[in-house]
Amino acid sequence: MNRFESRIGIFVVEPDDLKLISQHDVLQAALTDRLQAIWSRKFWGTPRDETFLRRLDFFPSLSESIAVKKWSGGVGLQPYYPGISPGKPKPLEPWSLSDRFLSNDDDFPQLVLQDRDLTTLEKGLENSVHQRLQIRASLTDLRRKPPDTVFKPPMVVFSKGFTKCAFYKGSNGEVRFLDGLRSITGEKRDVDLLRFLSAAISSRLFKYISFHSGSNLGVGRDQIHLYESLALPFPLPDDELASRHALELVRETANILEGLERNIPDRKRLESTIEAMKRCQPLVEQYFSVTDAEKILIEDTITLFQPSVHKRDINADIPSLAFPTRVARQAYADKLCDVLNQRARKQKIKVSAEARVSENLNLVLLTAMFTEKQEAYTEVRGEDALWVALNRISKAARKDDSMFSYLRGFKYFEPDRLHILKPATMRNWCRTAALNDADAIFEHLVTENA
Amino acid sequence: MNSKTLIGSLEPKFNPFGEDYLVEILAAMALAWARMKPPSPNEIEDRITERLAGRLANDAQFADLPYDIVPQYWLLGLNGERLGRLDLRFKHRNSRRDYFAFEAKRLHVTYPGGRFSTEYPTYAGANGMMAFIGGYYSKQLPACGMLGYVMDNKPGRAWTGLEKRIEARRIQLRLITGSQLARSTLSTTTSSGLRGTYLGETQHDLGSHKLRLFHLLLPVMTSSRRHK
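So the sequences go chain by chain: A and B.
Here the numbering used here runs 37 ahead of the position in the first sequence, where the first position is 1.
Heads up: the second sequence at position 62 corresponds to 54 in the numbering used here, and the numbers run straight through without jumps.
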């Protein structure tokens, strides 16, 4: 629903909401064992996103790299609730209630885990209360008791939705945790790589990939399945697709995390962690050879699309449906012209853009001009008669079908210009939209030439 | 925005783009080959092609082109039955319409037992060039390409051998009168700086349309020779 129709209960379907999946693509995906990805990537993914994700598919997966490195790890323990938990309980012994324990709560430390973040298994189990029946967990038995290799540092511990992730170097034996967390554990010789993995999982890139690739994250619960997290790309530094500077990038990232492992005072810890995460982002992106255009896709997904999912309040601000500001409109226009001008073979023809905006009608009309002189982006006030006509066209192009209203907009070429009319929502006028629109315009014009 | 929803047209003099962007694809392909870890003598064709596709997809210059690469692309019948498998398919990124395709073959192969084979007949045969000539692989494509991985790094010899083989089968291959394996007009751009890469093309009359078939011979060099 857009911000105008939400109160009257009409679902507004914008042109880019309609995704085509050919029978061939479904069969091809089935034959190459990628059937789930074809659906989940269509929910929010634009053609540009799909290409980016397909590029990353060429990298070895995290599970392949884990196998090469002979790393271990897995899902944490499950408490046993007497009288409720099914199956035969497993005795807690020879584990001890004094074993160290990592809570999966709001205070979960990001990026790096320190000894001061740990409590005891006894406290962890005491705090585990069956949500519905208010029954306390047993202190002598467990429902699920994974092997010690799952809890043995050095390790990376992360939550199901990748919202929490930290590296723990450790030296004093195992650290237990509940099944809301998962670990990847390795040998001491791999500590730097595990530190880098922690930074990668915490990165915007991984949030982007899991948002578009997970079967739940973009549409339902805030989690991704174990098999999905293990399918995420993670080339080792010696992989032929890894960056040529992979080893240096791993070392540099590890240095940043090592800085956090030192005993930073509590009052400065959050600030230091945020700063470290900021410094790690470009290193992780460089490791995965993320291009400038792909950085735009990540940025828009994290700031526009992801926060637009799961709104409890229908009147809450939905970033993807917000009215595009002057700055956003110019960013769209500049990116569109930039991509088209880069691909031009006739260097004397330059693409410039001007726009007309109507807040009343919730429309933006952008005109891309193909001329010999490149002009800076401008906005002009459209004549009233023009808006009346555009409103009529917009309504005529709209198809109402009971609860659904299909918006269409238009893109129309004149001899030296292209007019693009679209609803004034950020999803239509963000830089990701500009990248995709440039591809569509390019394809149309090249096909026309041929 | 879908390219199919665009209406009207620009006057040709204002259209800044070319007729096709095959040269960019071919150049990117040759460059990806040069940057790729050289195949081992016994590496199978599918594995080489998969690695080449990965290298190409991860090339920053190719990422600027609005095409998508699909390795091991299954050709399916109306009921989903498998008709064949194309080694590399290029699609328009936005509409996902087909744009270009490659079939790959190894040349000058020494098999584990020590037997040497030029593989020219395979290259020009039913699962090579003929797959495009038969129409299935080239359906709706105005241009396609053959990739020849020259396993002994003797592309000049492979070129001469293929020239003869293609000439000997010109009727089956439906070569247009006067057409033969010749250096492509695109070859200067494509092979500049890429030692040992040969780019040629042949023209074929398929009845329904004329097919432009490129031939890109990629020499397998050892790492030490590449760095000289």
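Ideal Cβ placement from N, Cα and C applies to all residues, glycine included.
Predicted, not measured: the structure shown is a model, and the values here were computed from it.
### Start and end residues, alpha helix (DSSP H) containing Gly161(A)
158 to 163
### Message
My assumption, with CB atoms under 8 Å, is that Gln115(A) sits in contact with Asp216(A). Please give the rounded CB distance.
### Response
5 Å
### Message
According to DSSP, is Pro460(A) part of a helix, a strand, or is it coil?
### Response
strand
### Query
Below 8 Å, can you find three or more Cβ-Cβ pairs linking the segment 13 to 28 of chain B to the segment 108 to 120 of chain B?
no
### Message
Given this structure, state the Cα-to-Cα distance separating Val15(B) from Phe92(B), to the nearest angstrom.
### Response
12 Å
### Task
In angstroms with no decimal places, state the Cα-to-Cα distance between Lys127(A) and Val212(A).
19 Å
### Message
Is there a Cβ of chain B sitting closer than 8 Å to that of Asn486(A), yes or no?
### Response
yes
### Task
Report the option in Asp12(B), Ser32(B), Ala160(B), Asn7(B) whose CA atom is closest to the CA atom of Asp144(B).
Ser32(B)
### Residue ranges of each beta strand (DSSP E) within the segment 105 to 129 of chain A, 3 or longer
109 to 112
### Message
Could you give the first and the last residue of the continuous alpha helix (DSSP H) run that contains His207(B)?
### Response
Per DSSP, His207(B) belongs to no alpha helix (DSSP H); it is in the beta strand (DSSP E), 202 to 211.
### Message
Quick check: what's the CA-CA separation for Ile488(A) versus Glu451(A)?
### Response
Here chain A covers residues 38 to 487 and nothing more, so residue 488(A) does not appear.
### Task
Starting from the Cα of Ile125(B), find the closest Cα among Arg157(B), His84(B), Leu167(B) and give me that residue.
Leu167(B)
### Task
Leaving out five residues on either side along the sequence, give the residues of the same chain with a beta carbon under 6 Å from the beta carbon of Cys136(B).
Ala93, Phe124, Ser130, Leu205
### Query
Among Trp25(B), Leu67(B), Pro58(B), which has the Cα closest to the Cα of His61(A)?
Leu67(B)
### Query
So, is the C-beta of Lys553(A) closer than 8 Å to a C-beta in chain B?
Here chain A covers residues 38 to 487 and nothing more, so residue 553(A) does not appear.
### Query
By the criterion of Cβ-Cβ separation under 7 Å, what are the contact partners of Tyr449(A) in chain B?
Ile(-1), Gly0
### Cβ pair count under 8 Å reaching 3, the segment 387 to 398 of chain A against the segment 366 to 378 of chain A
yes
### Query
If you pair each beta-carbon of the segment 363 to 375 of chain A with each one of the segment 394 to 407 of chain A, do three or more pairs fall below 8 Å?
yes
### Query
What are the start and end residues of the alpha helix (DSSP H) that includes Glu322(A)?
303 to 324
### Message
Against chain B, does Val364(A) count as a neighbour if the rule is that its beta carbon must be under 8 Å from one of theirs?
### Response
no
#### Entry: Beta-carbon separation (whole angstroms), Arg187(B) vs Tyr141(B), contact threshold 8 Å
About 16 Å; that fails the 8 Å criterion.
### Query
How about Arg288(A): is its C-beta nearer than 8 Å to some C-beta of chain B?
no
### Task
Counting only the same chain and skipping the five closest in sequence on each side, list residues whose C-beta sits under 8 Å from that of Met463(A).
Leu341, Pro356, Ser357, Leu358, Ala359, Phe360, Pro361, Ala365
### Task
Check whether the segment 43 to 55 of chain B touches the segment 89 to 103 of chain A, taking contact to mean three or more Cβ pairs, one atom from each stretch, closer than 8 Å.
yes
### Query
Nearest-angstrom Cα distance between Arg153(A) and Arg306(A)?
12 Å
### Message
Among the candidates Phe233(A), Asn209(A), Phe325(A), Ala104(A), whose CA atom is the shortest distance from the CA of Leu267(A)?
### Response
Ala104(A)
### Query
What are the start and end residues of the alpha helix (DSSP H) that includes Asp223(B)?
Because chain B here runs from -7 to 220, residue 223(B) falls outside it and cannot be looked at.
### Interface positions of the segment 400 to 427 of chain A facing chain B (Cβ-Cβ less than 7 Å), listed along the chain
Phe407
### Query
His249(A) lies in the alpha helix (DSSP H); which residues open and close that run?
241 to 250
### Message
For a cutoff of 8 Å on Cβ pairs, would you count Ala392(A) as touching chain B?
### Response
no
### Query
Taking just the CA atoms, how far does Pro147(B) sit from Gly185(B)?
Low confidence applies here, because Gly185(B) scores a pLDDT of 49, under 50, leaving its location unreliable; read the following figure in that light. Gly185(B) and Pro147(B): Cα-Cα distance of roughly 16 Å.
### Message
On the DSSP bridge list, what partners appear for Ala135(B)?
### Response
Arg204(B)
### For Glu277(A), the three-state DSSP class (helix, strand or coil)
coil
### Task
Please list the partners that Pro8(B) has in chain A, where partner means a Cβ-to-Cβ separation under 9 Å.
Leu377, Asn378, Arg380, Ala381, Arg382, Lys383, Gln384, Lys385, Ile386, Lys387, Val388, Phe407, Leu482
### Query
Got a sec: is the Cβ-Cβ distance from Asp60(B) to anything in chain A below 8 Å?
yes
### Message
Taking beta-carbon pairs under 7 Å, can you tell me which members of the segment 124 to 158 of chain B lie near chain A?
### Response
none
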